[in-house]
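Trainee: I have a structure I would like to understand better, so I am pasting it below and will then ask my questions one at a time.
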Amino acid sequence: MSEKKLIAYAVSDSTGKTAKHLMESAVGQFPDSDVKIRSFSFVRSLERIDEIIEKAKADNAIIAYTFVKTEMRKHLNMLAEKNNLEYIDMMDQPLNMVAGRLGVEPREEFALKYKLDEEYFKRIEAMEFTLRFDDLNESKGIAEADIVLVGVSRTSKTPLSVHLSYLGYKTANVPLVPEVDVHPSVLENKDNKVVGLTIDPELLNDIRIERLKKMGLGDDATYAAKERINQEFEYADSIMEEIGCPIIDVTDKTIEETAVEVLSYFND
Numbered sequence: 059m060s061e062k063k064l065i066a067y068a069v070s071d072s073t074g075k076t077a078k079h080l081m082e083s084a085v086g087q088f089p090d091s092d093v094k095i096r097s098f099s100f101v102r103s104l105e106r107i108d109e110i111i112e113k114a115k116a117d118n119a120i121i122a123y124t125f126v127k128t129e130m131r132k133h134l135n136m137l138a139e140k141n142n143l144e145y146i147d148m149m150d151q152p153l154n155m156v157a158g159r160l161g162v163e164p165r166e167e168f169a170l171k172y173k174l175d176e177e178y179f180k181r182i183e184a185m186e187f188t189l190r191f192d193d194l195n196e197s198k199g200i201a202e203a204d205i206v207l208v209g210v211s212r213t214s215k216t217p218l219s220v221h222l223s224y225l226g227y228k229t230a231n232v233p234l235v236p237e238v239d240v241h242p243s244v245l246e247n248k249d250n251k252v253v254g255l256t257i258d259p260e261l262l263n264d265i266r267i268e269r270l271k272k273m274g275l276g277d278d279a280t281y282a283a284k285e286r287i288n289q290e291f292e293y294a295d296s297i298m299e300e301i302g303c304p305i306i307d308v309t310d311k312t313i314e315e316t317a318v319e320v321l322s323y324f325n326d
């Protein structure tokens, strides 16, 4: 393992997700290194920038930032250069390119993207819907959903549903359990909105054992038994074959990667 340590700052006048994701993507290419990412969100004054630069000096940090106001970008750039700190301005070039093509100047308003609008309320509605119909085999949720996920327990149905709802899709998820009949509307799939999820059985076994440990139960429970898992897979495979839905293997995939694959069936 490398002995060098690095601290990266993700700074933003809004949530900071863009700068943080950039740093995480870069840091991910150095899995054996000791790198810490510190986030500074809703930075909206020159005084706050001054404070962050002082901290960055002490940490000898690198800085990735997103500011929509030119004054704030220039201020951070000036201070970073004055203190020999490496930085990347993630907004300057995109803003200039868009402004150049459109022939208008940016509004430079904080978090303009996140102001309350129709898309915002659509996401909230989708998230509320998804939480209401999480892990249910119920007709109303299936009928009203944009996407219906099916699969055995611990195939990431719930976190994937929540992520899809954040993107604005009402998502229901239905557990496939041998002892429970699947609702007929899922089997019919007349709107072609059902997507099946599967996973490597060995990995599922490990996941379920860890789940049992967190619940304070022994790892010999039927829930994690390989015979039970094989039985569930046989049942789930037969149901998904009957539905004729696309099936996504979530093994070693992030929630974001799986979501992209799910949406590829709906956005063609």
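To convert a position in the sequence shown, counted from 1, into our numbering, add 58.
Don't be surprised by glycine CBs; every beta carbon is placed ideally from N, CA and C.
Rounded to whole angstroms, what is the Cα-Cα separation between residue 102 and residue 71?
Mentor: Here residue 102 refers to the residue found at position 44 when the sequence shown is read from its first residue. Here residue 71 refers to the residue found at position 13 when the sequence shown is read from its first residue. Rounded to the nearest angstrom, the two C-alpha atoms are 5 Å apart.
Trainee: How about residue 294 and residue 206: are their beta carbons less than 8 Å apart?
Mentor: Position 236 of the sequence shown, counting from 1, holds the residue named residue 294. Position 148 of the sequence shown, counting from 1, holds the residue named residue 206. It is not a contact, given that the beta carbons lie outside the stated cut-off.
Trainee: Sorted by chain position, which residues of the same chain lie with C-beta nearer than 7 Å to residue 188's C-beta, five sequence neighbours on each side aside?
Mentor: Your numbering for residue 188 matches position 130 in the sequence shown. Excluding sequence neighbours, residue 188 sits near 219, 220, 223, 228 and 229.
Trainee: Give the range of the beta strand (DSSP E) segment to which residue 93 is assigned.
Mentor: The residue labelled residue 93 in the question sits at position 35 within the sequence shown. Run containing residue 93: 92-98, per the beta strand (DSSP E) assignment.
Trainee: Taking the Cβ atom as the reference point for each residue, do residue 305 and residue 316 lie within a distance shorter than 8 Å?
Mentor: Taking the first residue of the sequence shown as position 1, residue 305 is located at position 247. Taking the first residue of the sequence shown as position 1, residue 316 is located at position 258. Cβ distance not < 8 Å, so residue 305 and residue 316 don't count as in contact.
Trainee: Do we get a CB-CB distance below 8 Å when we pair residue 158 with the residues of chain C?
Mentor: No chain C is present in this structure, which holds just one protein chain.
Trainee: Less than 8 Å separating the beta-carbons of residue 135 and residue 147?
Mentor: Taking the sequence shown and counting its residues from 1, one reaches residue 135 at position 77. Taking the sequence shown and counting its residues from 1, one reaches residue 147 at position 89. A contact, by the Cβ cut-off of 8 Å.
Trainee: Applying the criterion that 16 or more other CB atoms from any shown protein chain within 10 Å of the CB defines a buried residue, is residue 212 buried or exposed?
Mentor: As a first step, residue 212 is located in the sequence shown; it is residue number 154 there, counting from the start. Classification for residue 212: buried.
Trainee: Out of curiosity, what's the CA-to-CA distance linking residue 201 and residue 237?
Mentor: Here residue 201 refers to the residue found at position 143 of the sequence shown. Here residue 237 refers to the residue found at position 179 of the sequence shown. Their Cα atoms are separated by approximately 23 Å.
Trainee: Cβ atoms of residue 312 and residue 258: under 8 Å apart, would you say?
Mentor: Locating residue 258 in the sequence shown gives position 200, where the first residue counts as 1. Locating residue 312 in the sequence shown gives position 254, where the first residue counts as 1. No, Cβ-Cβ distance for residue 258 and residue 312 is not below 8 Å.
Trainee: Exposed or buried, which one is residue 251 when buried takes at least 16 other CB atoms within 10 Å?
Mentor: As a first step, residue 251 is located in the sequence shown; it is residue number 193 there, counting from the start. Buried, because 16 or more other Cβ atoms sit within 10 Å of the Cβ of residue 251.
Trainee: For my contact list, residue 77 and residue 68 are in at a C-beta cut-off of 8 Å; report their separation, rounded to the angstrom.
Mentor: Here residue 77 refers to the residue found at position 19 when the sequence shown is read from its first residue. Here residue 68 refers to the residue found at position 10 when the sequence shown is read from its first residue. At roughly 4 Å, the Cβ-Cβ gap stays under 8 Å, so residue 77 and residue 68 are in contact.
Trainee: So for residue 243, helix, strand or coil by DSSP?
Mentor: On the sequence shown, residue 243 is found 185 positions in, with the first residue counted as 1. Residue 243: helix per DSSP, three-state reduction.
Trainee: Can you give me the C-alpha to C-alpha distance between residue 115 and residue 195, rounded to a whole angstrom?
Mentor: Locating residue 115 in the sequence shown gives position 57, counting from the first residue. Locating residue 195 in the sequence shown gives position 137, counting from the first residue. Roughly 55 Å between the two C-alpha positions.
Trainee: Using only the heavy atoms of the ligand SAH, determine whether one of them is closer than 7 Å to the beta carbon of residue 103.
Mentor: With respect to the ligand SAH, the structure offers nothing, as it holds no ligand at all.
Trainee: For residue 74, which option in 88, 111 and 123 has the closest C-alpha, if you only look at C-alpha atoms?
Mentor: The residue you call residue 74 lines up with position 16 of the sequence shown. Comparing Cα positions, the closest option is 123.
Trainee: So, for residue 157: in the same chain, excluding its five sequence neighbours on each side, which residues have a beta-carbon less than 7 Å away from its beta-carbon?
Mentor: One-based indexing of the sequence shown puts residue 157 at position 99. Only 163 and 164 meet the Cβ criterion.
Trainee: Go ahead and label residue 261 buried or exposed: buried means 16 or more other beta carbons lie within 10 angstroms of its beta carbon, across all protein chains shown.
Mentor: As a working mapping, residue 261 is identified with position 203 in the sequence shown. It is exposed - the Cβ of residue 261 has fewer than 16 other Cβ atoms within 10 Å.
Trainee: Pull up the distance between the alpha-carbon of residue 60 and that of residue 302, whole angstroms please.
Mentor: Working through the sequence shown from its first residue, we reach residue 60 at position 2. Working through the sequence shown from its first residue, we reach residue 302 at position 244. With a pLDDT of only 49 at residue 60, under the threshold of 50, the placement of this residue in the model should not be trusted; the figure read from the coordinates follows. Approximately 50 Å, taken between the alpha carbons.
Trainee: Please classify residue 266 as buried or exposed, where buried requires at least 16 neighbouring CB atoms within 10 angstroms.
Mentor: Locating residue 266 in the sequence shown gives position 208, where the first residue counts as 1. It counts as buried.
Trainee: Which two residues bound the contiguous alpha helix (DSSP H) that contains residue 272?
Mentor: Here residue 272 corresponds to residue number 214 of the sequence shown, with the count starting at 1. It spans 259-272 - the alpha helix (DSSP H) in which residue 272 sits, taken as one unbroken run.
Trainee: Mind reading off the beta-carbon distance from residue 204 to residue 231? Whole number of angstroms is fine, and I expect it under 8 Å.
Mentor: Taking the sequence shown and counting its residues from 1, one reaches residue 204 at position 146. Taking the sequence shown and counting its residues from 1, one reaches residue 231 at position 173. About 12 Å; that fails the 8 Å criterion.
Trainee: Can you tell me where the beta strand (DSSP E) with residue 184 in it begins and where it stops?
Mentor: Translated into positions along the sequence shown, residue 184 becomes position 126. No beta strand (DSSP E) holds residue 184; the alpha helix (DSSP H) holding it covers 176-190.
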